[in-house]
Amino acid sequence: MQQIMNMERDKNHFDFVIVGSGFAGSITAMCLKQLGYRVCMIEKDKHPRFSVGESSTPIADMILRDLSRKYDLPFFMHLSRYGTWQTEHPEIICGLKRGFSYYPHEIGNTFSSNDDHLNELLVAASFDDDNSDTNWLRSDVDQFLAGKACEIGVLFYEEAEVVRVHRTEASVWEIAIKKDQKQMLIHSVWIIDATGSPHFSGKFFGTTSSADGFETNSTAIFTHFNEAGYWFDYLTSRGFNTKDYPYNPDHSALHHLIKEGWIWMLRFNNGLLSAGLLMENSDSSNGIDAEKIWHSVINQYPSLSKIFRYSKPAEIPGKFINSGRLQRKLNRSFGDGWIALNHTVGFVDPLHSTGIAHTLAGVEKIVNLFGKAGLNKIEISDIKIIQEESSKELKFIDKLVSMSYQSRHDFALFSASVMLYFIASIRYEQSRLKGDIPNTFLCADHEDLSAIIEETHHELKMLDSETAGQEQIHKQIETIRGRIEPYNSVGLMDPSKKNMYRHTAVNLIN
Ligand SMILES: Cc1cc2nc3c(=O)[nH]c(=O)nc-3n(C[C@H](O)[C@H](O)[C@H](O)COP(=O)(O)OP(=O)(O)OC[C@H]3O[C@@H](n4cnc5c(N)ncnc54)[C@H](O)[C@@H]3O)c2cc1C
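In terms of the numbering used here, the sequence shown is residues 22 to 531.
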């Protein structure tokens with residue numbers, strides 16, 4: 022009888038309860054499980070479900086590969102490159118992402134450029150398709166990873182709601198869950214908040230979240246489209262010179278700069294297009310008709326409106342989503358027996374596609390810590406360090422993103438500002454390739470690098486790219502060129518490249 026009671030007890034006792042089963046929750050759960058911990062994951066929704074945040078980067082791929090080796094989870098390795106993804110898991114939809122591409126548009130005018138690619142910027146992030154990044158169809162990827170977590174022994178409650186949490190005197194969480202109209206009680210030493218939003222910790226740990234202190238101020242309207250036109254077809258059909266292109270821009274993270282902000286376009290292998298409109302300082306709130314705003318903005322730009330002429334919103338999500346202001350950060354991201362993952366801690370903006378990699382960088386640190394220290398030997402000071410680094414990283418990303426918003430009205434200036442992001446990410450990648458994992462994502466704690474980003478950010482804030490004269494803009498671009506010089510091992514801002522950067526990718530074949 023006692024034995025049966027113990028078994029019953031063990032069934033409901035965990036070392037970790039992870040709330041949220043996006044890729045971050047599932048990856049954390051699997052790594053901890055491989056370390057020998059008892060892990061339970063709780064998801065309010067049901068897979069497959071729509072999720073935004075799709076353009077991966079070389080840094081995300083590198084972290085996935087290292088997690089794969091360290092925790093013996095081979096499918097992370099497969100998902101870290103387009104080639105292996107296609108051979109090992111063709112059933113999971115993704116898109117080929119060879120790099121980052123940027124095109125400016127003017128209200129009322131069709132897109133224009135010249136043979137020197139004055140209004141085009143293509144920065145390769147990989148050498149070939151096989152070793153390329155990917156756009157993740159999150160509904161597929163997250164479902165796959167949650168399924169794998171179950172296969173390796175993570176207990177998963179889907180469509181379940183946490184209704185109460187209580188920390189006992191024995192330093193254990195009692196967690197009441199509601200599922201299928203029934204309530205049950207489980208216990209855990211730790212709760213990991215992988216909800217990707219501030220609400221769970223607000224409700225149960227008394228945290229608050231705000232946009233205070235962010236320089237970036239943006240709102241997103243987005244959905245998935247069927248039958249959207251291809252940008253490369255548009256360019257070639259109008260005779261643009263694409264022979265110097267390092268890759269087909271539909272196989273990249275496409276950024277279209279507009280007066281209001283910018284538009285992302287991410288293509289998947291099944292033809293689906295993820296597209297989103299980012300508006301700076303927009304007063305559009307959740308109540309405003311997102312579809313109406315989308316059409317009113319797109320219709321001002323003839324070339325973009327051509328791309329979307331025959332498009333229809335896809336069945337999933339089946340609507341246009343208005344994010345409201347994107348920038349947010351928790352006032353506290355850990356406490357006695359709980360810790361939040363990076364996307365729960367805060368977010369800046371999708372420009373520069375930092376989200377997936379930043380999230381994974383946080384996952385890696387947290388699972389490393391629990392691997393090294395063991396369950397009850399974690400020093401709160403170590404968690405504090407990780408979370409302080411996360412705050413520093415958000416600030417760093419905020420500066421990089423906001424300076425690009427500020428400079429977007431002049432394409433040459435914008436292109437120069439983006440180089441600071443590439444410098445930071447290449448530095449991180451190169452360091453990691455040598456086996457030296459930087460303490461912070463994008464080397465956000467590198468003093469000299471932070472200083473030049475801080476200075477440039479400040480200057481661009483002062484300079485209004487919409488009204489500044491060409492002489493002033495040229496001077497600013499030259500300043501940026503000089504500043505990145507000590508870090509520029511790949512020839513960024515080399516005029517002879519004519520905005521086509523073919524060899525910027527770090528050789529990630531490891
Ligand atoms: C508009 C936009 C565009 C973006 N674009 C990019 C991009 O192109 N590239 C990039 O790298 N990053 C991008 N990001 C960031 C990216 O979305 C995040 O990095 C990523 O989603 C983090 O994954 P996650 O698993 O931590 O959280 P999520 O994907 O948010 O998953 C959280 C999970 O928790 C569940 N959940 C929530 N609340 C509860 C609860 N109370 N109980 C149980 N379960 C709960 C949710 O249902 C969900 O399944 C973008 C973000 C936004 C907002």
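Even glycine gets a Cβ: it sits at the ideal position worked out from N, Cα and C.
May I ask which residues mark the beginning and end of the alpha helix (DSSP H) holding residue i?
i: M483; result: E468 to M483
i: H495; result: Q491 to I505
i: N238; result: Segment: none, N238 is in no alpha helix (DSSP H) and carries neither H nor E.
i: E172; result: R159 to E172
i: I418; result: I401 to S428
i: M83; result: P79 to Y92
i: S322; result: Contrary to the premise, residue 322 reads as Tyr rather than Ser in this sequence. Premise fails: Y322 is in no alpha helix (DSSP H) and is neither H nor E.
i: H272; result: Per DSSP, H272 belongs to no alpha helix (DSSP H) and is neither H nor E.
i: Q202; result: Where Q202 is concerned, there is no enclosing alpha helix (DSSP H), given that its DSSP letter is neither H nor E.
i: A361; result: That residue, A361, is in no alpha helix (DSSP H); its beta strand (DSSP E) goes W359 to A361.
i: H99; result: P95 to H99
i: E450; result: F432 to L454
Do you know offhand how far residue i's Cα is from residue j's?
i: S412; j: F261; result: 43 Å
i: S153; j: G120; result: 8 Å
i: H276; j: M83; result: 24 Å
i: K518; j: S303; result: 36 Å
i: F165; j: R330; result: 33 Å
i: H208; j: F177; result: 14 Å
i: L421; j: H479; result: 11 Å
i: R259; j: H138; result: 14 Å
i: S428; j: F391; result: 42 Å
i: N33; j: V193; result: 12 Å
i: N363; j: Q497; result: 34 Å
i: Y426; j: S47; result: 33 Å
i: A249; j: D271; result: 11 Å
i: N27; j: P219; result: Here the model assigns N27 a pLDDT of 44, short of 50, so the residue's position is not dependable and the matter cannot be decided.
i: I406; j: S446; result: 22 Å
i: G168; j: T49; result: 14 Å
i: N16; j: S76; result: Look at the range of the chain in this structure, 22 to 531, and you will see that residue 16 is not part of it.
i: I39; j: Y449; result: 29 Å
i: P95; j: S89; result: 5 Å
i: Y251; j: S486; result: 30 Å
i: L256; j: P516; result: 23 Å
i: F44; j: A378; result: 11 Å
i: A472; j: E492; result: 25 Å
i: E29; j: I113; result: Here E29 scores only 47 on pLDDT, less than 50, and its place in the model should not be relied on; the value that follows carries that caveat. Taking the straight line joining both Cα atoms gives about 37 Å.
i: D36; j: Q204; result: 21 Å
i: I25; j: G234; result: Bear in mind that a pLDDT of 38 at I25, under 50, signals an unreliable position, so the number given afterwards is only what the model happens to contain. Each residue's Cα considered, the two are about 54 Å apart.
i: D254; j: S101; result: 28 Å
i: N269; j: K118; result: 9 Å
So residue i and residue j are in contact, right, with Cβ under 8 Å, and what is the actual spacing, rounded?
i: A274; j: I284; result: Between I284 and A274 the Cβ distance is about 11 Å, and since that is not below 8 Å, they are no contact.
i: P125; j: F443; result: Not quite, the Cβ-Cβ distance comes to about 18 Å (not below 8 Å), so this is no contact.
i: S160; j: R86; result: Rounded, the Cβ-Cβ distance is 24 Å, inconsistent with contact.
i: I474; j: F417; result: 7 Å
i: T105; j: A215; result: About 26 Å separates the two Cβ atoms, so there is no contact after all.
i: R353; j: G367; result: Contact doesn't hold; Cβ gap of about 12 Å is too wide.
i: N520; j: L278; result: Not really, about 13 Å apart at Cβ, beyond 8 Å.
Taking the beta strand (DSSP E) that residue i falls in, what are its first and last residues?
i: R185; result: A181 to R188
i: S344; result: I342 to R346
i: F71; result: Neither: F71 is in no beta strand (DSSP E) and is coded neither H nor E.
i: C61; result: V60 to I63
i: R330; result: Looking at the DSSP string, R330 is not in any beta strand (DSSP E), and its letter there is neither H nor E.
i: L381; result: From DSSP, L381 is part of no beta strand (DSSP E) but of the alpha helix (DSSP H) over G376 to A394.
i: Y178; result: L176 to Y178
i: R288; result: G282 to R288
i: R349; result: R349 to L351
i: V144; result: L142 to A145
i: C52; result: Run containing C52: none in the beta strand (DSSP E); it sits in the alpha helix (DSSP H), F44 to Q55.
i: G116; result: C115 to K118
i: D36; result: H34 to V40
Exercise. Are there three or more Cβ pairs, one per stretch, closer than 8 Å when the region 397-405 is compared with the region 222-232?
Worked result: Taking 8 Å as the limit for Cβ pairs, the verdict is that the region 222-232 does not touch the region 397-405.
Exercise. Do the region 191-207 and the region 307-325 touch if we need at least three Cβ pairs shorter than 8 Å?
Worked result: Look at the beta carbons and you see the region 191-207 not touching the region 307-325: under three pairs across the two are nearer than 8 Å.
Exercise. Is there contact between the region 238-247 and the region 57-70, where contact requires at least three CB pairs shorter than 8 Å?
Worked result: Touching, no.
Exercise. Does the region 178-185 come close enough to the region 313-323 to have 3 or more Cβ pairs within less than 8 Å?
Worked result: Counting C-beta pairs with one atom in each stretch, the region 178-185 and the region 313-323 have fewer than three that are closer than 8 Å, which means they do not touch.
Exercise. Does the region 127-138 touch the region 318-327, meaning 3 or more C-beta pairs lie closer than 8 Å?
Worked result: For the pair of segments examined, the region 318-327 was found to touch the region 127-138: the number of CB pairs separated by less than 8 Å reaches three.
Problem set entry | Segment contact flag, the region 378-389 with the region 50-64, C-beta cutoff 8 Å, min 3 pairs | Contact between the region 378-389 and the region 50-64 is present, because at least three Cβ pairs lie under 8 Å.
Exercise. Is there contact here, the region 452-472 with the region 482-496, by at least three beta-carbon pairs under 8 Å?
Worked result: They do not touch, by the three-pair rule.
Problem set entry | At least three beta-carbon pairs within less than 8 Å, the region 334-344 to the region 367-380 | No: the two stretches stay apart, fewer than three of their Cβ pairs being nearer than 8 Å.
Problem set entry | Cβ pair count under 8 Å reaching 3, the region 143-150 against the region 343-358 | No, they do not touch.
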